[in-house]
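Student:
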Amino acid sequence: MSNEHPYPPAFRSGDLVSVSGRLGVDETGALVPGGFDAECPQAFANLDAALCSVGATRADVVKVVVYLIDIVDRDGLNRVYEEFFAEPRPARTCVGVASLPYGGTVEVEALARVRDV
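Quick note, the numbering used here runs 75 ahead of the 1-based positions in the sequence shown.
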């Protein structure tokens, strides 16, 4: 599986950061074994890494879109989301889709605003 993509994991323009969809893959680009329960936390860890790559953190995230191949996994997503983001949590949209790249079960994208400290 190729890790080469024609887009960056995250793109920063001024104080805005857009994170491309993150799957539950390891550093080699392979899906972590264990289905949704393993892929979901890994996708959020990959979101963290993408944010960090452009000088942002999860605290900067204002909007998240999550794609699930089985909407029944929404409760599991909520548990991971609550652990990942502190209050106040960012806005979120959850969309059921027919399929995801590499046979993944979950994909996460985000929009962030890096605030001056």
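Where a beta carbon is used, it is the ideal one built from N, C-alpha and C, also for glycine. A quick note: this is a predicted structure, and the numbers were derived from the prediction, not measured.
Do Pro84 and Val196 come within 8 angstroms of each other at the CB atom, strictly closer than that value?
Tutor: Missing from the structure shown is residue 196; the chain here goes from 76 to 192 and no further.
Student: Please go through the stretch 104-137 and give each complete alpha helix (DSSP H) segment of 4 or more residues, from N-terminal end onward.
Tutor: The qualifying runs are 111-128.
Student: Please state the DSSP three-state secondary structure of Arg190.
Tutor: Stepping through the sequence shown from its first residue, residue 190 is reached at position 115. Residue state, collapsed to three classes: coil.
Student: Could you check the C-alpha separation between Val155 and Pro176 for me, to the nearest Å?
Tutor: Translated into positions along the sequence shown, residue 155 becomes position 80. Translated into positions along the sequence shown, residue 176 becomes position 101. Near 21 angstroms, if we compare the C-alpha coordinates of Pro176 and Val155.
Student: Would Ala166 pass as a contact of Leu122 if the rule is Cβ separation under 8 angstroms?
Tutor: Taking the sequence shown and counting its residues from 1, the one referred to as residue 166 is at position 91. Taking the sequence shown and counting its residues from 1, the one referred to as residue 122 is at position 47. Not a contact, by the Cβ cut-off of 8 angstroms.
Student: What residues are listed by DSSP as bridge partners for Ser88?
Tutor: Along the sequence shown, one-based indexing puts residue 88 at 13. BP columns for Ser88 point to Leu91.
Student: What's the C-alpha gap between Gly99 and Glu79?
Tutor: Stepping through the sequence shown from its first residue, residue 99 is reached at position 24. Stepping through the sequence shown from its first residue, residue 79 is reached at position 4. Taking the straight line joining both Cα atoms gives about 16 angstroms.
Student: Identify whether Gly178 lies in helix, strand or coil by the three-state DSSP scheme.
Tutor: Position 103 of the sequence shown holds residue 178. Gly178 falls in the helix class under three-state DSSP.
Student: Phe111 and Gly171 look like a contact to me (Cβ under 8 angstroms); what is the Cβ gap, rounded to whole Å?
Tutor: In the sequence shown, the residue the question calls residue 111 occupies position 36. In the sequence shown, the residue the question calls residue 171 occupies position 96. Between Gly171 and Phe111 the Cβ distance is about 13 angstroms, and since that is not below 8 angstroms, they are no contact.
Student: Can you give the Cα-Cα distance for Glu114 and Asn153, rounded to whole angstroms?
Tutor: To locate residue 114, count along the sequence shown from 1; it is residue 39. To locate residue 153, count along the sequence shown from 1; it is residue 78. Cα to Cα, Glu114 sits roughly 14 angstroms from Asn153.
Student: Bridge partners for Leu98 per DSSP, in chain order?
Tutor: Residue numbering aside, residue 98 sits at position 23 when the sequence shown is read from its first letter. Bridge partners of Leu98: Glu182.
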